[in-house]
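Numbering (the numbering used here), first residue to last: 871 to 1069.
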């Protein structure tokens, strides 16, 4: 099937993965709801002038809407270091599931436990991870995993004097709060932060 015929459905899928309504995305991108609706349905011809503000708000590239199924499977996203941790994306920005390799340094500043919508899975690669989950205070060692509802107050940090490396996987709601913030939503593919893990 012609790639252009897939642009609309891919645009709609990217918007829905972000949990955004037509009205919300159109408003952020500075266009009318009817224009966005016609783009998604294929009734309006796409142009760079229309697509660029949309892809910026969605955190994807125009190429992601046009890329063929045989595109390079490698993930080319840059790790970010801030707030005593390094966050390396392991999935594309538009993926349904978001995975990150997070390194927590022992000198990271203390943060308050966080509560937000979403779900998280994590796996400890090396070091020891301190996980506070509600009233529980746990220490996870290499090879141990945890899964929890992020509506429960939670906080993670390195336990002891050495860094800890963790693979963290979020659903869309959890990832938006963990690694995104409105202030930097303009930067396509950039890792962003408003959650305690990444501030």
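Beta carbons: idealized from backbone N, C-alpha and C, even for Gly.
Handout entry: Straight-line gap, residue 1047 to residue 916 (C-alpha atoms, nearest Å)
Key = The pLDDT assigned to residue 1047 is 47, lower than 50, so where the model puts this residue is not dependable; a value taken from the coordinates is nonetheless given after this. Their backbone Cα atoms lie some 31 Å apart in a straight line.
Exercise for the section: Buried or exposed for residue 934, please, with buried defined as at least 16 other CB atoms from any protein chain shown within 10 angstroms of its CB. Expected result: Buried: at least 16 other Cβ atoms inside 10 Å.
Practice task
Ignoring anything shorter than 4 residues or poking outside the segment 929-1001, list the alpha helix (DSSP H) runs there in chain order.
Solution key: List check, alpha helix (DSSP H) in window: 932-936.
Practice task
Mind checking which residues open and close the beta strand (DSSP E) that includes residue 1038?
Solution key: Here the beta strand (DSSP E) through residue 1038 covers 1034-1040.
Handout entry: Expected contact under 8 Å - CB spacing of residue 1000 and residue 1028 to nearest Å
Key = That belief holds up - the Cβ atoms of residue 1000 and residue 1028 are roughly 7 Å apart, short of 8 Å.
Handout entry: Whole-angstrom C-beta distance between residue 878 and residue 910, which should lie under 8 Å
Key = So it is a contact: roughly 5 Å between Cβ atoms.
Problem - Option nearest residue 813 by Cα separation, candidates 892, 1036 and 969 - result: Residue 813 is absent from the model: the chain starts at 871 and stops at 1069.
Exercise for the section: To the nearest angstrom, report how far apart residue 880 and residue 936 are at their CA atoms. Expected result: Across the structure, residue 880 and residue 936 are spaced so that their CA atoms are roughly 8 Å apart.
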